[in-house]
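*Asks:* First the structure, which I've put down as structure tokens, then a few questions once you've had a look.
2 protein chains.
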Amino acid sequence: MVVDDEPSIRDLLAASLRFSGFEVLTAADGYEAVEVAERASPDLVVLDVMLPDLDGFEVAKRIAAPVLFLTARDATEDKIFGLGVGDDYVTKPFSLEEVQARIRAVLRRTRGESAPASRLRVADLELDEEAREVWRGGRPVRLSPTEFKLLHYFMSNAGRVLSKAQILDHVWNYDFGGDAGVVESYVSYLRRKVDAGEPRLIHTLRSVGYVLREPPAG
Amino acid sequence: MVVDDEPSIRDLLAASLRFSGFEVLTAADGYEAVEVAERASPDLVVLDVMLPDLDGFEVAKRIAAPVLFLTARDATEDKIFGLGVGDDYVTKPFSLEEVQARIRAVLRRTRGESAPASRLRVADLELDEEAREVWRGGRPVRLSPTEFKLLHYFMSNAGRVLSKAQILDHVWNYDFGGDAGVVESYVSYLRRKVDAGEPRLIHTLRSVGYVLREPPAG
DNA sequence: GTGACCCTTCAGCTATTCCTCAGCCTCCTG
DNA sequence: CAGGAGGCTGAGGAATAGCTGAAGGGTCAC
Numbered sequence: 084m085v086v087d088d089e090p091s092i093r094d095l096l097a098a099s100l101r102f103s104g105f106e107v108l109t110a111a112d113g114y115e116a117v118e119v120a121e122r123a124s125p126d127l128v129v130l131d132v133m134l135p136d137l138d139g140f141e142v143a144k145r146i147a148a149p150v151l152f153l154t155a156r157d158a159t160e161d162k163i164f165g166l167g168v169g170d171d172y173v174t175k176p177f178s179l180e181e182v183q184a185r186i187r188a189v190l191r192r193t194r195g196e197s198a199p200a201s202r203l204r205v206a207d208l209e210l211d212e213e214a215r216e217v218w219r220g221g222r223p224v225r226l227s228p229t230e231f232k233l234l235h236y237f238m239s240n241a242g243r244v245l246s247k248a249q250i251l252d253h254v255w256n257y258d259f260g261g262d263a264g265v266v267e268s269y270v271s272y273l274r275r276k277v278d279a280g281e282p283r284l285i286h287t288l289r290s291v292g293y294v295l296r297e298p299p300a301g
Numbered sequence: 084m085v086v087d088d089e090p091s092i093r094d095l096l097a098a099s100l101r102f103s104g105f106e107v108l109t110a111a112d113g114y115e116a117v118e119v120a121e122r123a124s125p126d127l128v129v130l131d132v133m134l135p136d137l138d139g140f141e142v143a144k145r146i147a148a149p150v151l152f153l154t155a156r157d158a159t160e161d162k163i164f165g166l167g168v169g170d171d172y173v174t175k176p177f178s179l180e181e182v183q184a185r186i187r188a189v190l191r192r193t194r195g196e197s198a199p200a201s202r203l204r205v206a207d208l209e210l211d212e213e214a215r216e217v218w219r220g221g222r223p224v225r226l227s228p229t230e231f232k233l234l235h236y237f238m239s240n241a242g243r244v245l246s247k248a249q250i251l252d253h254v255w256n257y258d259f260g261g262d263a264g265v266v267e268s269y270v271s272y273l274r275r276k277v278d279a280g281e282p283r284l285i286h287t288l289r290s291v292g293y294v295l296r297e298p299p300a301g
């Protein structure tokens, strides 16, 4: 369930999560959230701290499901964890990659026992979501946060063509004002760090986008 | 549904989509669009961002259907995706091939589960729309964007005779000023890249046009 | 405060792609 | 068989997209 009073953010999250295969309910304020949560018992709630009626913390207390908070950047962290309420948080403005990563982490944690692999693999390139580690051909690679998010997006969409606009929308914060040139820069960084050896995995499709895949045999 | 205030573009799109088997409604401005959409609940809306009354984004919010935006090339592309509104966009001037490709992609995506093949095949020539890959006799072929569009047009009209004018109208942008000589050039490119081996698939019908098909056995 | 790292922009460079054109070829016709 | 219309293709110039090194500014840890 996604709870935010701003329709644009609510829709953005809902659409992106649905695309990733989640079933999504939404609510625009605290009372609606509590109500919907009672009726539908969601597996997890993405909850804006700042709501028009009820305080986000208040809502969290009344909801049985795990909670991922959305909060302004300047909110002090202790407030979130200190209250013993909420399982993690993401600061606004966020990137979709980040929110999804946190969601999966919380689900993994709260569901306990079942510890899914959380490891992506394409050819001899491996990425561990939890440990935030990457190997190419068994050799560890150090990536900056953005590089990691970008590679993660590529790997979880391996074989699918991604336009620069799509990449920008998923990997960068939703309020990013710049142009798609950054994507080129970061692809260049990634290529240098993880795509130096054969076979090349990140391919450019001119005027279309990029795709991460093993080159077709032949 | 097609929404654009310019009659020429509206009619161009409507005619081309009808020919491809879609059922098409049109609207000339924002309010009409919202109204028609409510009455008819279209499966998808092709929507010009620049409308005389309502802003295209505003219209999109009030419409339940998936939206494919039409936008000027120089418009800041960033804001299209990012607002969580609209599912894809095409810049003006566009080619009909491109619009139809995007439409199919959006429908494929929003309808989810049903993942149609999206793969065309004629003899030993194969084309994957999503991956943008082409094989001839199992061997991958690299095509430029225009070559790919042209081949796609040929393959989705296999067996049908296409005049150079038709090809120009579908594969090239609607504002293309040049003459049909380009088509000859690109057919030549295609022949070299994908039609070198037997059997020849692209046939010239002198002073009529071209046709892609397997020669009748014998 | 300082240094390390990170993010973003930018500009020069390279590679690719697009389109035109001219010369040659092919087919049809008379 | 000659002539002409239509078609083919190689060459080349212009435009465009993409790559990457460098630089500026920001943030964070120490």
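Those protein sequence lines, which keep their order, are chains Y and A.
So the number in my numbering is just where the residue sits in the first sequence, counting from 1, plus 83.
So the number in my numbering is just where the residue sits in the second sequence, counting from 1, plus 83.
Where is the CB? At the ideal position from N, CA and C, for every residue including glycine.
#1: Against chain Y, does ARG194 of chain A count as a neighbour if the rule is that its beta carbon must be under 8 Å from one of theirs?
#2: Taking only beta-carbon positions, decide if SER268 of chain Y is within less than 8 Å of chain A.
#3: Quick check on the burial criterion: 16 or more other C-beta atoms within 10 angstroms. Buried or exposed for THR287 of chain Y?
#4: Rounded to a whole number of angstroms, what is the C-alpha to C-alpha distance between VAL142 of chain Y and ARG187 of chain Y?
#5: Which chain Y residues sit within Cβ distance under 7 Å of PRO90 of chain A?
#6: How close, in whole Å, do the beta carbons of VAL182 of chain Y and VAL129 of chain Y come, if the pair is a contact with beta carbons under 8 Å?
#7: Can you pull out the residues from the region 280-292 of chain Y whose beta carbon lies closer than 9 Å to at least one beta carbon of chain A?
#8: With DSSP collapsed to three states, give me the class of ILE146 of chain A.
#9: CB-CB under 8 Å to ALA97 of chain Y, same chain, minus the five flanking residues each way: which ones, in chain order?
#10: ARG215 of chain A versus chain Y: which residues are under 7 Å apart at the beta carbon?
#11: Please list the terminal residues of the continuous alpha helix (DSSP H) segment that includes GLY113 of chain A.
#12: Going along the chain, which residues of its own chain have a beta-carbon closer than 7 Å to the beta-carbon of VAL270 of chain A, five neighbours each way excluded?
#13: Using a Cβ cut-off of 8 Å (strictly closer), state whether PRO176 of chain A contacts chain Y.
#14: Determine, using beta carbons only, whether ASP136 of chain Y and GLY104 of chain Y come nearer to each other than 8 Å.
#15: Per DSSP, what are the beta-bridge partners of ILE285 of chain A in this structure?
#16: What does DSSP give as the partner residues of TRP218 of chain Y in its beta bridges?
#17: 8 Å is my cut-off, CB to CB: does PRO149 of chain A come that close to chain Y?
#18: If you follow the alpha helix (DSSP H) that ASP344 of chain Y is part of, which residue opens it and which one closes it?
#19: What's the C-alpha gap between LEU54 of chain A and GLU267 of chain Y?
#20: Less than 8 Å between the beta carbons of VAL150 of chain Y and LEU295 of chain Y, yes or no?
#21: Is the beta carbon of SER178 of chain A less than 8 Å from the beta carbon of ASN256 of chain A?
#22: So VAL244 of chain Y and VAL291 of chain Y are supposed to be a Cβ contact under 8 Å. How far apart are they, rounded?
#23: Need the endpoints of the beta strand (DSSP E) that TYR172 of chain Y sits in, please.
#24: Measure the beta-carbon distance from ARG219 of chain Y to ASP211 of chain Y and round it to whole angstroms, keeping in mind my assumption that it falls under 8 Å.
#25: Run through chain Y and tell me which residues come within less than 8 Å of PRO228 of chain A, C-beta to C-beta.
#26: Since PHE152 of chain Y sits in a beta bridge, which residues does DSSP pair it with?
#27: Whole-angstrom Cβ separation of LYS175 of chain A and ALA148 of chain A, contact assumed at under 8 Å?
#28: Starting from ARG243 of chain Y, follow the alpha helix (DSSP H) in both directions and report where the run begins and ends.
#29: Using a Cβ-Cβ cut-off of 6 Å (strictly less than) and excluding sequence neighbours within five positions of ASP87 of chain A, which residues of its own chain qualify?
#30: Between Y:VAL117, Y:PRO282 and Y:PRO125, which has its C-alpha nearest GLU207 of chain Y's C-alpha?
#31: Apart from the five residues just before and just after GLU230 of chain Y, which ones in its own chain have a Cβ nearer than 8 Å to its Cβ?
#32: Taking the alpha carbon of ALA184 of chain A as the point to measure from, which residue in A:GLY261, A:ARG145, A:GLU121 and A:SER99 has its own alpha carbon closest?
#33: In chain order, what residues of the same chain lie with their CB nearer than 7 Å to the CB of ASP161 of chain A, ignoring the 5 residues before and after it?
#34: Which same chain residues end up closer than 7 Å to VAL117 of chain A when comparing Cβ atoms and leaving out the 5 residues on each side of it in sequence?
*Replies:* In terms of the structure at hand:
#1: Judged by the 8 Å Cβ criterion, ARG194 of chain A is not in contact with chain Y.
#2: Interface criterion not met: the Cβ of SER268 of chain Y is under 8 Å from no Cβ in chain A.
#3: That one is exposed.
#4: It is roughly 21 Å from the alpha-carbon of VAL142 of chain Y to the alpha-carbon of ARG187 of chain Y.
#5: Residues of chain Y whose Cβ lies closer than 7 Å to the Cβ of PRO90 of chain A do not exist, since the nearest Cβ in that chain is about 30 Å away.
#6: Contact between VAL182 of chain Y and VAL129 of chain Y holds, with the beta-carbon distance rounding to 7 Å and staying under 8 Å.
#7: Of all residues in the region 280-292 of chain Y, LEU288, ARG289, SER290 and VAL291 have a Cβ within less than 9 Å of some Cβ in chain A.
#8: DSSP places ILE146 of chain A in coil when its eight states are reduced to three.
#9: For ALA97 of chain Y, same chain residues with a beta-carbon under 8 Å away, outside a window of 5 residues either side, are VAL85, VAL107 and THR109 in chain order.
#10: One finds VAL244, LEU288 and VAL291 in chain Y with Cβ atoms closer than 7 Å to the Cβ of ARG215 of chain A, taken in chain order.
#11: Note, GLY113 of chain A: alpha helix (DSSP H), 113-123.
#12: Cβ neighbours of VAL270 of chain A beyond the five flanking positions: ILE285 and TYR293.
#13: At a cut-off of 8 Å, the C-beta of PRO176 of chain A has no neighbouring C-beta in chain Y.
#14: Contact flag unset, no.
#15: The partner list for ILE285 of chain A (beta bridge, DSSP) reads A:LEU295.
#16: Within the DSSP secondary-structure output, TRP218 of chain Y pairs in a beta bridge with Y:GLU209 and Y:PRO223.
#17: Closer than 8 Å: no.
#18: Because chain Y is modelled from 84 through 301, residue 344 of chain Y falls outside the range shown and cannot be assessed.
#19: Residue coverage of chain A in this structure runs from 84 to 301, which leaves residue 54 of chain A outside it and unanswerable.
#20: No. Outside cutoff.
#21: The criterion of a C-beta distance shorter than 8 Å is satisfied by SER178 of chain A and ASN256 of chain A.
#22: Right, their Cβ atoms sit about 6 Å apart.
#23: Here the beta strand (DSSP E) through TYR172 of chain Y covers 171-175.
#24: Approximately 13 Å separates the beta-carbon atoms of ARG219 of chain Y and ASP211 of chain Y; this is outside 8 Å, ruling out the contact.
#25: The answer, in chain order, is ARG289, SER290 and VAL291.
#26: As a beta-bridge residue in DSSP terms, PHE152 of chain Y pairs with Y:LEU130 and Y:TYR172.
#27: Beta-carbon to beta-carbon, LYS175 of chain A and ALA148 of chain A are separated by about 21 Å, too far to satisfy the 8 Å threshold.
#28: Note, ARG243 of chain Y: premise wrong, no alpha helix (DSSP H); not H, not E.
#29: For ASP87 of chain A, where only same-chain residues beyond five positions count, the Cβ hits under 6 Å are ARG93 and ASP131.
#30: Reading off the sequence, residue 207 of chain Y comes out as Asp, not Glu. Answer by Cα proximity: Y:PRO282.
#31: Contacts found: TYR269, TYR272, LEU273 and LYS276.
#32: For the residues A:GLY261, A:ARG145, A:GLU121 and A:SER99, the minimum Cα distance to ALA184 of chain A belongs to A:SER99.
#33: Below a pLDDT of 50, predicted positions are generally treated as unreliable, and ASP161 of chain A, at 46, falls in that range; the measurement from the model is reported next regardless. Same-chain partners within the cutoff: there are none.
#34: Excluding positions up to five away in sequence, the list reads VAL142, ARG145 and ILE146.
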